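Please read the structure below before turning to the comments.
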Amino acid sequence: MVSAMALQDAILAALSNGESSGYDMAKAFDVTVANFWTASPQQLYRELDKMETAGLIEARMIQQLKRPNKRLFSLTDHGRATLRGFTIRAPKPTAIRDELLVQVESMDLADAASITVNVQNKLKASETKLKRYERTRSHLLDGRSERAYLAEADHLGPYLTLSRGITFEQENIRWCEFVLATLEDRTGAS
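Take UniProt numbering: the final residue in the sequence shown is number 190, and no numbers are missing along the way.
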């Protein structure tokens with residue numbers, strides 16, 4: 001379950017990069033904010049409505065031909081102040097909550113073959129996500145070196161969080177490969 005306050009902070013952070021529709025924000029969450037936060041489109045839309053009511057964001061309607069009208073959201077002064085307040089407090093400690101780790105932990109008393117398939121699926125998903133993140137990084141760099149980008153970019157946050165997402169997926173891949181190799185060694189040795 002996504003904490004409403006934490007989702008609010010993630011939305012404020014996403015809108016700090018500029019105005020966005022709910023639809024575009026949901027797509028961007030998959031590429032940018034997903035490096036560190038997840039939310040379903042339904043959760044996102046509910047939270048946007050609450051935040052608008054609270055005066056943290058404002059929406060303007062865009063009339064569209066042959067498509068439904070869309071609302072573009074942007075931060076209000078109150079939203080910017082709330083985001084600034086969020087950034088000065090110490091974050092809560094990170095805690096890993098991963099069902100796959102619970103499955104692997106109980107592997108000796110469980111269905112090891114199914115768990116192996118789950119690890120293989122995690123590996124594939126992490127490889128896919130890593131490729132998407134690397135394409136995003138390449139797009140952001142746009143032919144510049146990382147050093148040049150970091151010295152010149154208007155917005156550093158998205159790149160820095162993307163870098164964390166890349167490192168996270170690389171580690172997921174290493175761990176999955178380690179688990180699979182260990183299981184193969186064990187079953188091959190019996």
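Glycine included, each C-beta is placed from N, C-alpha and C at the ideal position. As the structure is a prediction and not an experimental result, all values here were calculated from the model.
At a cut-off of 4 residues, the continuous stretches assigned as alpha helix (DSSP H) that sit fully inside the UniProt domain "Transcription regulator PadR C-terminal" (96-184) are 99-105, 112-141 and 146-152. Per the C-alpha coordinates, the member of Gly-143, Tyr-45, Lys-122 and Ala-151 positioned closest to Val-179 is Lys-122.
Only residues of its own chain outside the window of five on either side were considered, and among them Ile-173 have a CB closer than 7 Å to the CB of Glu-127, listed in chain order. Looking at the backbone, the Cα of Glu-134 and that of Tyr-149 are separated by about 15 Å. DSSP, read as helix, strand or coil, puts Lys-50 in helix. The alpha carbon of Thr-116 has as its nearest neighbour, out of Ala-181, Ala-10 and Ser-74, the alpha carbon of Ala-181. The beta carbon of Ala-110 sits closer than 8 Å to those of Gln-103, all from its chain and outside the five residues before and after it, given in chain order. A check of alpha carbon separations from His-78 across Gly-85, Ala-95 and Leu-56 identifies Leu-56 as the nearest. Phe-29 and Ala-39 have their C-alpha atoms roughly 8 Å apart. The closest CA to that of Glu-99, considering only Lys-92, Val-119, Phe-86 and Pro-91, is found on Val-119.
Where Arg-60 is concerned, there is no enclosing alpha helix (DSSP H), although the beta strand (DSSP E) around it starts and stops at 57-62. Under DSSP, Phe-73 takes part in a beta bridge, and its partners are Ser-20 and Ala-59. Taking all protein chains shown into account, Ser-20 has 16 or more neighbouring C-beta atoms within 10 Å of its C-beta and is therefore buried. The region 73-89 makes no contact with the region 147-167; the number of CB pairs closer than 8 Å stays below 3. Taking a C-beta distance under 8 Å as the contact criterion, Leu-44 and Met-25 qualify as a contact pair.
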